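Report on the following structure.
Numbering (our numbering), first residue to last: 123 to 622.
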């Protein structure tokens, strides 16, 4: 089949984007042979560079608007544990709009166009949230949180469209053999920028706390500018049109095909159980800021520790996933992450000093586990889906995972409030212990995932890693010679002298 040519019109003249034919097997569906167009190496390199820049801009956007700052903003608006649960549970329910996005893509809508449209909506919504303090004095606490939840729900809708369309689009832009390293580098670049800005912005909030809610207004507007910049970078990236088919399968037949994909279903169940650990999601920041009395700067520094170790691991994780497979690192990462939640047994309310003592080590270990999990889950999801059905399967996967975790923060907030009202001496740490159980259960289910060509977790831990560690001294000894000789080791003759 000859290489196909897709034409993208710019403002001045058409630009031809040349795609070379798929290098591996011809994909078939409904007896119609199709060839998935693969971008040329030059287009791939440009897409990779632009995506890295996007990840860094989005990291600033996320660091300025999410996490501890959103929870702190809600606490300033008057939210209690139950209202925090509502804030974290209601917006994810709109994940079902992924099916709408997948349906439009299957009907031939441009994935790039959908990504561009909806990527601008999210930062504009945050501009609206930044203006919320103007109305704060006229509304009750419940009304203020209700308005915040409504806007966050719209942000979620836009995010689901972008996530599905962009995820399917990137799957065709980045070759399979490069995805592990690509996602590892994305995590690295985004994490560095996000951690630095989260710490700096935490210091900024501590400095201008006298301004009350308007301190968050400045922060949210600042982050929205970076979100708009990330949205703009979608425009120069090459579109990667889906292959033309004489017969498009029915939407529900594609869904049934995904249900018959046993490894994908098991991965979705494992990820859904991990998502249920969000029962502790909004309460980590609430416990640190309100119950322990930590500053935003202090909490940002603790979060930066886990981010730093995740950054150190992610590039290696990408290479390891490409070499050993993703499945063993999903299991290993979950087993590393789970015990870190038990550190809260030693940090009662009002003891911020103990948090500063124990949390750095716990967050360091958690960052290692998170780095492995993030790269491995993403690489495995792409590996278990096909290009022509990826949008629908991504939508179904995202809906299952998100809906599994959506009610958990509300359940956690209700449970804590109900037990305290009933006279039980409990605090938010109870949901942290439940978090440990969900992570361990996810690791147990992940053991049943099958991935062709992957190594076993046991062999990885007890054979491959020790061998790699044992080879490090030799690597450090031979590396200077490799640099001097241009990457080659000079062989030696029988008498031990260099063979020139």
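Glycine included, each C-beta is placed from N, C-alpha and C at the ideal position. Just so it is clear, the structure is predicted and the values come from calculations on it, not from any experiment.
State the DSSP-derived secondary structure class of residue i, mapped to helix, strand or coil.
{"i": "residue 260", "result": "helix"}
{"i": "residue 509", "result": "helix"}
{"i": "residue 570", "result": "coil"}
{"i": "residue 444", "result": "helix"}
{"i": "residue 546", "result": "coil"}
{"i": "residue 231", "result": "coil"}
{"i": "residue 356", "result": "coil"}
{"i": "residue 470", "result": "coil"}
{"i": "residue 294", "result": "helix"}
{"i": "residue 393", "result": "helix"}
{"i": "residue 361", "result": "coil"}
{"i": "residue 214", "result": "helix"}
{"i": "residue 528", "result": "coil"}
{"i": "residue 349", "result": "helix"}
{"i": "residue 253", "result": "coil"}
{"i": "residue 515", "result": "helix"}
{"i": "residue 372", "result": "coil"}
{"i": "residue 576", "result": "coil"}
{"i": "residue 694", "result": "The structure shown has nothing for residue 694, since the chain only spans 123 to 622."}
{"i": "residue 334", "result": "coil"}
Residues in its own chain within less than 8 Å of residue i by CB, not counting five upstream and five downstream?
{"i": "residue 238", "result": "353, 356, 357"}
{"i": "residue 207", "result": "404, 531, 532, 533, 534, 535, 536"}
{"i": "residue 223", "result": "236, 282, 283, 286, 287, 513, 517"}
{"i": "residue 278", "result": "213, 214, 216, 217"}
{"i": "residue 258", "result": "199, 266, 335"}
Can you tell me where the alpha helix (DSSP H) with residue i in it begins and where it stops?
{"i": "residue 417", "result": "Counting along the chain, residue 417 falls outside any alpha helix (DSSP H), and DSSP gives it neither H nor E."}
{"i": "residue 180", "result": "163-187"}
{"i": "residue 409", "result": "Per DSSP, residue 409 belongs to no alpha helix (DSSP H) and is neither H nor E."}
{"i": "residue 190", "result": "190-198"}
{"i": "residue 458", "result": "449-459"}
{"i": "residue 383", "result": "No alpha helix (DSSP H) holds residue 383; DSSP gives it neither H nor E."}
{"i": "residue 623", "result": "Shown here, the chain extends from 123 to 622; a query on residue 623 therefore has no answer."}
Which word fits residue i, buried or exposed, when buried means at least 16 other C-beta atoms lie within 10 angstroms of its C-beta?
{"i": "residue 545", "result": "exposed"}
{"i": "residue 392", "result": "buried"}
{"i": "residue 382", "result": "exposed"}
{"i": "residue 479", "result": "exposed"}
{"i": "residue 483", "result": "exposed"}
{"i": "residue 294", "result": "buried"}
{"i": "residue 468", "result": "exposed"}
{"i": "residue 262", "result": "exposed"}
{"i": "residue 375", "result": "exposed"}
{"i": "residue 554", "result": "buried"}
{"i": "residue 256", "result": "exposed"}
{"i": "residue 551", "result": "buried"}
{"i": "residue 303", "result": "buried"}
{"i": "residue 568", "result": "buried"}
{"i": "residue 444", "result": "buried"}
{"i": "residue 338", "result": "buried"}
With a CB to CB cut of under 7 Å and the five nearest residues on each side skipped, what residues in its chain are close to residue i?
{"i": "residue 518", "result": "377, 380"}
{"i": "residue 447", "result": "573, 575, 576, 577"}
{"i": "residue 499", "result": "393, 452"}
{"i": "residue 523", "result": "390, 393, 394, 397"}
{"i": "residue 271", "result": "208, 209, 212, 213"}
{"i": "residue 423", "result": "321"}
{"i": "residue 291", "result": "233, 234, 237, 362"}
What is the C-beta distance between residue i and residue j, in whole angstroms, given that I count them as a contact (C-beta under 8 Å)?
{"i": "residue 415", "j": "residue 472", "result": "7 Å"}
{"i": "residue 408", "j": "residue 557", "result": "Contact doesn't hold; Cβ gap of about 14 Å is too wide."}
{"i": "residue 488", "j": "residue 428", "result": "5 Å"}
{"i": "residue 385", "j": "residue 506", "result": "5 Å"}
{"i": "residue 458", "j": "residue 496", "result": "Between residue 496 and residue 458 the Cβ distance is about 13 Å, and since that is not below 8 Å, they are no contact."}
{"i": "residue 559", "j": "residue 418", "result": "No, residue 559 and residue 418 are not in contact; Cβ-Cβ is about 30 Å, not under 8 Å."}
{"i": "residue 266", "j": "residue 199", "result": "4 Å"}
{"i": "residue 204", "j": "residue 539", "result": "5 Å"}
{"i": "residue 579", "j": "residue 461", "result": "Going by Cβ atoms, the distance from residue 579 to residue 461 rounds to 17 Å, so no, they are not a contact pair."}
For residue i, which residues of its own chain have a beta-carbon under 6 Å away from its beta-carbon, when the five flanking residues on both sides are left out?
{"i": "residue 456", "result": "561, 564, 565"}
{"i": "residue 177", "result": "308, 311, 312"}
{"i": "residue 248", "result": "187, 342, 346"}
{"i": "residue 413", "result": "471"}
{"i": "residue 245", "result": "346, 349, 350"}
{"i": "residue 169", "result": "295, 359"}
{"i": "residue 150", "result": "Bear in mind that a pLDDT of 36 at residue 150, under 50, signals an unreliable position, so the model cannot answer this."}
{"i": "residue 273", "result": "247, 250, 251"}
{"i": "residue 527", "result": "397, 398, 400"}
{"i": "residue 190", "result": "407, 421"}
{"i": "residue 180", "result": "352"}
{"i": "residue 431", "result": "486, 489, 490"}
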